[in-house]
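Residue numbers (our numbering), protein chains in the order written: chain A, -2 to 310; chain B, 374 to 1016.
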């Protein structure tokens, strides 16, 4: 098991290195243009040259890269070109907000998907068709449209929640809960749709397995067999889908944060993109890659826990 | 069988497949509506300049937020631009952007998937790894990063997004191609001297075409969603009207004019839904077409050996039986079938010495009495397919009752209905199952749960698939004992180890800690036997307990079963297709065919004087096929029997 984790970890590190390298190459390749874009079209050639030098963009690309890497490995991603704030600070102050949204949405999708998926798989008939319809709609309709719909119905028309604004957990736990409820629901619906389909399919498959009949012939109730044995066997593929969903939710959070004016990574990402704040964008890409790698590692470990064959390979 | 002309058949199949998929789509109401909607959307995009009442980008201060009606059928937005015109042009750009992403993704994905799947080698591993890399990051983050450098061009963003989506096609094509590459007809084409390019075009593309079309519908939906998302964030090209930018504009006025959101939002939502539904309908139709073939394959695999045997048996039997019987045997008995053509069951009388089992014990009280049992499966069209009809049998304590017959004769269905563990859709439709005075045919699920394991136990046919691969063997033995007998963990563990030793497992502790995939088939069957007897049942139902085992192991397992039966004095229903096993273990046997019992009685008298044509045919089959074995009654020492 330990070797399995270490191997996964190593491949994750490789992934982060490759993504950083590619991102750096693409982002920094046009040095002079970057300075021009920061200063605007009216800037003179001298000021552009000055800015280029000031930002170190006139150095050879590999030199800039070595410089960036040597700082990045100790967690220093440089400073923002526009706010002067340290990149790592700008990101770390917001990463918790985004993660609480995405992890909340992931957990809710997992729980709701298990309940719905098992329900549809066992009852078939109309519950199955209902779940199918919900899944198709949830999958097809983009998350930000769902977010907009939720805002209009529950925040503006019904007034149950504040349409925008975010309350820190430390300030008021209940205010925090109320401020992230709609965004989490908006994100979760897409996740629920994807994972429910997977759970439904795996449970239907698993229910047809011979061992289910044998376990029941030993006097175990249908519920016990389903929630202990069938679900554990259906868990592997469902977790794989959940991992993909997590990456999707991370992307979806960028837009949903904008709808609800939540100060998360998405907001930084949008403003940094608009300004061409390359060090910040670079930091965001790397942090996202790290989050994805960590989540996949966690899922892999869970897979190993669920399926003894994975542990051995 | 002659090889089909490798050039001709796929071409024909291809045309047939293409026509039928489209026809099916049109016949399916959901598919038709989705197609019509998308068709109208494409038309309005193409003819936007003709249809639009105004220029989509002309702003007018007088017309700011004008209500619908008059010059602006759908009103005007916050800059006084005509909403209808913007919507029409937005459709144009949104669809074009999505199609660009689709084209890029499809070209990169399909080509690299074909190369990697067909030629393999280094390109295979490199491209697979690259596909994984592309899927690691959320697309929107990559698009944001790209925009920071490249500026707000919708076309560039969509081309990049196409690259990000290409793994979806790559994986699909790669998987299908590597599966098809070694198929016989591809080999045949290669031998026939066709070039690789031609083989790919003729044979491989045919296979991946349908899944690629389905994937394309999904991908287009995703591209529309992400592009709308980018524009909604205000990161798009402001000179190009798009659904996302209209939504962005409307979002700014969400308090005063929420109505403005309706049009772009419904355009995005409906388009995405239509594409997803279209993909779903296509997949369902394809699966439905492929469905029956798949099922047939599965059934063959499950019962491969018996089916070959059974086919032989039937032909032997057919020669001697009436036309009427042949018809009955060929057709599946259904509920609509008139019941009069039932032939009487040949019943052999009990021997004079009363009931003494093969182990010498006298039979005890009656455990199970099945009367006129019928089992049926509900069909989608509301009818019931009857698989077991008018079956009556009786098992006393200490008695082993064999159920013999060819595959599909209803033996296993009868066994499962006693346990009330029939597969989905199956149920007892007639008759009674009386067990120790309780009617199982009408017992509730709760009552059955209490009886299973404790009173009635079950040994399945295929050892490996009947153990849950995710749990250790020990935990699968301990769990039922804790539930059924209410034992503590330590006690149940001790008992499980004792049982494993009893069924002849050399190192009980090691097997207890092992996972099912770590033990052999013979061991697994012993584990299942241990599990079945773990709660001291009165009745044991063994469904071909030795069929899946090696011949030498079969003999050991059979003698283990005989010992345990005598030791625990259980009643046993032994399902088998093997007269050797019947001779070896059973006191009484019922011969089943096409869902009915045709002959029943003590083993000795049936072996000595089979009456029914079918029973005779079964015996004849053994004699004709096998080596000379002398007297049938002497077959008691024979372990291999039919196999």
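We put the CB at the ideal spot given by N, CA and C, even for glycine.
Sort out for me which residues DSSP pairs residue i with in a bridge.
i	result
residue 743 (chain B)	B:766 and B:806
residue 914 (chain B)	B:831 and B:946
residue 774 (chain B)	B:946 and B:961
residue 757 (chain B)	B:751
residue 812 (chain B)	B:807
residue 799 (chain B)	B:750
residue 83 (chain A)	A:76
residue 723 (chain B)	In the DSSP output, where bridge partners are listed per residue, residue 723 (chain B) has none listed.
residue 449 (chain B)	B:455
residue 966 (chain B)	B:969
residue 91 (chain A)	In DSSP, residue 91 (chain A) forms no bridge with anything.
Going along chain A, which residues have a C-beta under 8 Å from residue i?
i	result
residue 799 (chain B)	Those within 8 Å of residue 799 (chain B) in chain A number zero; the least Cβ separation is about 12 Å.
residue 904 (chain B)	211 and 215
residue 646 (chain B)	133, 134, 137 and 138
residue 352 (chain B)	Coverage of chain B is limited to positions 374 through 1016, which leaves residue 352 (chain B) absent and any answer about it impossible.
For residue i, go through chain B and note every residue whose CB falls closer than 7 Å to its CB, in chain order.
i	result
residue 282 (chain A)	514 and 518
residue 304 (chain A)	843
So which of the options has the shortest CA-CA distance to residue i?
i	options	result
residue 261 (chain A)	A:247, A:111 and A:126	A:247
residue 13 (chain A)	A:2, A:129, A:70 and A:39	A:70
residue 270 (chain A)	A:287, A:79, A:230 and A:97	A:79
residue 131 (chain A)	A:141, A:251 and A:117	A:117
residue 266 (chain A)	B:632, B:652, B:518 and B:651	B:518
residue 776 (chain B)	B:993, B:979 and B:504	B:979
residue 6 (chain A)	A:154, A:239, A:300 and A:291	A:291
residue 31 (chain A)	A:274, A:296 and A:304	A:274
residue 407 (chain B)	B:764, B:642, B:808 and B:760	B:642
residue 940 (chain B)	B:876, B:587 and B:567	B:876
residue 82 (chain A)	A:-1, A:164, A:276 and A:157	A:276
residue 204 (chain A)	B:795, B:484, B:764 and B:622	B:795
residue 857 (chain B)	B:811, B:837, B:909 and B:888	B:909
residue 717 (chain B)	B:538, B:972 and B:583	B:972
residue 948 (chain B)	B:932, B:942 and B:917	B:917
residue 109 (chain A)	A:283, A:187, A:241 and A:8	A:187
List the whole-angstrom C-beta distance separating residue i from residue j, where the pair is believed to meet the contact cut-off of C-beta under 8 Å.
i	j	result
residue 214 (chain A)	residue 826 (chain B)	7 Å
residue 946 (chain B)	residue 788 (chain B)	6 Å
residue 914 (chain B)	residue 813 (chain B)	Not a contact, Cβ separation roughly 12 Å.
residue 853 (chain B)	residue 907 (chain B)	7 Å
residue 636 (chain B)	residue 522 (chain B)	Between residue 522 (chain B) and residue 636 (chain B) the Cβ distance is about 33 Å, and since that is not below 8 Å, they are no contact.
residue 851 (chain B)	residue 842 (chain B)	In fact, because the Cβ distance is near 17 Å, the residues do not count as touching under 8 Å.
residue 747 (chain B)	residue 803 (chain B)	4 Å
residue 834 (chain B)	residue 921 (chain B)	6 Å
residue 425 (chain B)	residue 462 (chain B)	6 Å
residue 238 (chain A)	residue 272 (chain A)	Wrong, their Cβ atoms sit about 36 Å apart, outside the cutoff.
residue 966 (chain B)	residue 778 (chain B)	5 Å
residue 545 (chain B)	residue 590 (chain B)	About 13 Å separates the two Cβ atoms, so there is no contact after all.
residue 781 (chain B)	residue 761 (chain B)	Residue 781 (chain B) to residue 761 (chain B), Cβ: 11 Å. No contact.
residue 547 (chain B)	residue 489 (chain B)	5 Å
residue 281 (chain A)	residue 88 (chain A)	7 Å
Over what stretch of residues does the beta strand (DSSP E) that includes residue i continue unbroken?
i	result
residue 969 (chain B)	969 to 975
Would you give the residue range spanned by the alpha helix (DSSP H) that residue i belongs to?
i	result
residue 837 (chain B)	Segment: none, residue 837 (chain B) is in no alpha helix (DSSP H) and carries neither H nor E.
residue 124 (chain A)	122 to 137
residue 293 (chain A)	275 to 303
residue 25 (chain A)	-1 to 25
residue 157 (chain A)	Taken as a continuous stretch (DSSP letters only), residue 157 (chain A) belongs to no alpha helix (DSSP H), as it is neither H nor E.
residue 895 (chain B)	894 to 906
residue 402 (chain B)	402 to 419
residue 227 (chain A)	Taken as a continuous stretch (DSSP letters only), residue 227 (chain A) belongs to no alpha helix (DSSP H), as it is neither H nor E.
residue 935 (chain B)	924 to 941
residue 634 (chain B)	Taken as a continuous stretch (DSSP letters only), residue 634 (chain B) belongs to no alpha helix (DSSP H), as it is neither H nor E.
List the residues of chain B that residue i touches, going by C-beta distances under 8 Å, in chain order.
i	result
residue 260 (chain A)	Those do not exist, as residue 260 (chain A) stays about 15 Å from chain B at its closest Cβ, beyond 8 Å.
residue 230 (chain A)	841, 842 and 843
What residues of chain A sit near residue i, judged by a beta carbon separation below 7 Å?
i	result
residue 605 (chain B)	141 and 252
residue 884 (chain B)	The contacting residues do not exist; residue 884 (chain B) stays about 15 Å from chain A at best.
residue 822 (chain B)	216 and 218
Which chain A residues are close to residue i, counting only those with a beta carbon under 9 Å from its beta carbon?
i	result
residue 833 (chain B)	207, 208, 210, 211 and 214
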